[in-house]
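This report refers to the structure that appears directly beneath it.
Residue numbers (the numbering used here): 10 to 588.
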């Protein structure tokens, strides 16, 4: 198999693609339905809408059927790097190099930027400047709050899906699709605009001789929606920690813990179950690989959340994420005043840019809000399709639930008309899809050259040497601070293993499903990422030293080793190997 059934064509204009940031969004191969229903026919058109809204592009630059914002190859999601770089090439304030740093850190394989004759578009500059002016002056964005409320209402008004006919379920899914497009329009604007503050603050740091400025000035910004589940988990963990009955129930293991709590007639047991039900209602859309329709999330598999709460309950009250955030916010205020004095004395123009950048930092919080709102809408589609899948597994039309997601978007109505005719086809597709999971997708696709899938290496094939005592990995500074502790290499957030309070989380990349594991951690290290990656934003919110773009850290750092993480220098040093 050299191409997957939903692979995109590559045009002649934008020919570089990357898994950077894309790997945080969808870590695994997308299912055919997940790709086409959510992305090809909803969110990617919304992505194009958002790009047009911010002024850096015009509509003629995008293919009508495959807008070159992104792409899918071998089932894996990629961001179009060539397209993203236009924002730096056409901006009077940002540069391509600054955007590359925000996305990739110092990744060694970033392809060189080569200007295209159409990159220079002075006719677009008025719109770009208007957008940048808006980004650097906007402290409130009511549209995002309205979208958040609309999706909350969609969840609150979810009907009893089991009582709907197949046709009614499909109709509900089709009603959600245009909403996904609208929500991703907003998310695109916040994501693209999130690079403005770090880019300008990087220049400020260089001017005053302090490269740690960007990290410190975008920490503790508050109202980061992707951190809200962590605070909710913290509150649930405090309920467990203060109750002998709840503690005993969790000491028996996560499997069956809700049944054990339900068997208790103590008031704190009932209170916990009520609070956990509310948690699932509010945050059940989160989970590993939450953008992918076929993936399990906390609502569909509560043990995913319970296993994280089980880790968090071991922390003392002094390790509260709210206290950590407050400390970072106080540091941010102090550093802001210090830097403001320096730039005011140095250069009035730089001082004005600094003030604009401090306002533009709000986009980092806005980005996490739009992401959370999108994910809640995706969950409503997921719940609807899972009900269809469940009943057709029960009737024998599907051999297992995930086979349903092997449908292509334009086959859904055909399926409910004649489900039995798809049984063998979907089973065969599922077998082929599973083989994609074992492959290592290229991190970059350069000049449109997509290697045949048959030539992709299998995961773990490439030998990587482990670090010895005294050896360091150089990454990109993410959040200032130094921490020393036991390295816990975790590849799947649903399996936190033996992670304990004070351990250092070493991960391939992170999305919001990983956020609760940040709480027991004393520092976070990820293989890939840039200045606006999820791991950095949440680490800064929770006040954790963080290093990103630490290439192969999950392979080079032995699990259980004692390591020191310097979030300011971007280094991870092995102090002692595990016994």
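Just so it is clear, CB atoms sit at the ideal spot from N, CA and C, and this is done for glycine as well.
What do you reckon, are the CB atoms on residue i and residue j nearer than 7 Å?
i           : j           : result
residue 572 : residue 556 : no
residue 453 : residue 11  : no
residue 393 : residue 164 : no
residue 517 : residue 580 : no
residue 25  : residue 79  : no
residue 35  : residue 301 : yes
residue 587 : residue 488 : no
residue 323 : residue 440 : no
residue 549 : residue 228 : yes
residue 457 : residue 19  : yes
residue 65  : residue 524 : no
residue 386 : residue 170 : no
residue 258 : residue 269 : yes
residue 48  : residue 375 : no
residue 88  : residue 31  : yes
residue 352 : residue 146 : no
So for residue i, helix, strand or coil by DSSP?
i           : result
residue 486 : strand
residue 353 : helix
residue 182 : helix
residue 89  : strand
residue 435 : helix
residue 188 : helix
residue 377 : helix
residue 25  : coil
residue 470 : coil
residue 37  : coil
residue 340 : helix
residue 551 : helix
residue 444 : helix
residue 557 : strand
residue 452 : coil
residue 222 : helix
residue 387 : helix
residue 481 : strand
residue 165 : helix
residue 305 : coil
residue 542 : coil
residue 136 : helix
residue 98  : helix
residue 170 : helix
residue 588 : coil
Start and end of the alpha helix (DSSP H) containing residue i?
i           : result
residue 253 : 253 to 260
residue 328 : That residue, residue 328, is in no alpha helix (DSSP H); it is neither H nor E in DSSP.
residue 589 : Any answer about residue 589 is impossible in this case: the structure gives the chain only from 10 up to 588.
residue 288 : 276 to 292
residue 424 : 421 to 426
residue 104 : No alpha helix (DSSP H) contains residue 104, which DSSP labels as neither H nor E.
residue 514 : Premise fails: residue 514 lies in the beta strand (DSSP E), 513 to 516, not in any alpha helix (DSSP H).
residue 321 : 312 to 321
residue 497 : Run containing residue 497: none in the alpha helix (DSSP H); it sits in the beta strand (DSSP E), 491 to 498.
residue 61  : 53 to 62
residue 212 : 205 to 217
residue 267 : 266 to 271
residue 370 : From DSSP, residue 370 is part of no alpha helix (DSSP H); its letter is neither H nor E.
residue 563 : 562 to 565
The beta strand (DSSP E) with residue i in it runs from where to where?
i           : result
residue 581 : 580 to 585
residue 71  : From DSSP, residue 71 is part of no beta strand (DSSP E); its letter is neither H nor E.
residue 524 : Unbroken run through residue 524 is the alpha helix (DSSP H), 524 to 527; no beta strand (DSSP E).
residue 79  : 79 to 82
residue 575 : 571 to 575
residue 532 : 532 to 535
What is the C-beta distance between residue i and residue j, in whole angstroms, given that I count them as a contact (C-beta under 8 Å)?
i           : j           : result
residue 255 : residue 281 : 6 Å
residue 412 : residue 435 : 4 Å
residue 513 : residue 542 : The pair is not a contact, with the Cβ atoms about 18 Å apart (cut-off 8 Å).
residue 56  : residue 197 : 5 Å
residue 349 : residue 363 : 7 Å
residue 144 : residue 372 : 6 Å
residue 558 : residue 576 : Not really, about 13 Å apart at Cβ, beyond 8 Å.
residue 422 : residue 179 : 6 Å
residue 160 : residue 382 : 5 Å
Got a sec: does the ligand GTP put a non-hydrogen atom nearer than 6 Å to the Cβ of residue i?
i           : result
residue 401 : Looking at this structure, you won't find the ligand GTP or any other ligand, since it has none at all.
Are any of the Cβ atoms in chain E nearer than 7 Å to that of residue i?
i           : result
residue 455 : In the structure shown, chain E does not exist; there is a single protein chain.
Q) If we count Cβ pairs, one from each stretch, closer than 8 Å, do we get three or more for the stretch 87 to 105 versus the stretch 129 to 144? A) yes
**Q.** the stretch 439 to 454 contacting the stretch 66 to 79, beta-carbon criterion three pairs below 8 Å
**A.** no
Q) Any contact of the stretch 30 to 42 with the stretch 83 to 91, i.e. 3+ C-beta pairs under 8 Å? A) yes
(Q) Across the stretch 327 to 336 and the stretch 405 to 420, are there enough close Cβ pairs to call them in contact, namely three or more that are closer than 8 Å? (A) no
Q: Check whether the stretch 216 to 231 touches the stretch 425 to 442, taking contact to mean three or more Cβ pairs, one atom from each stretch, closer than 8 Å.
A: no
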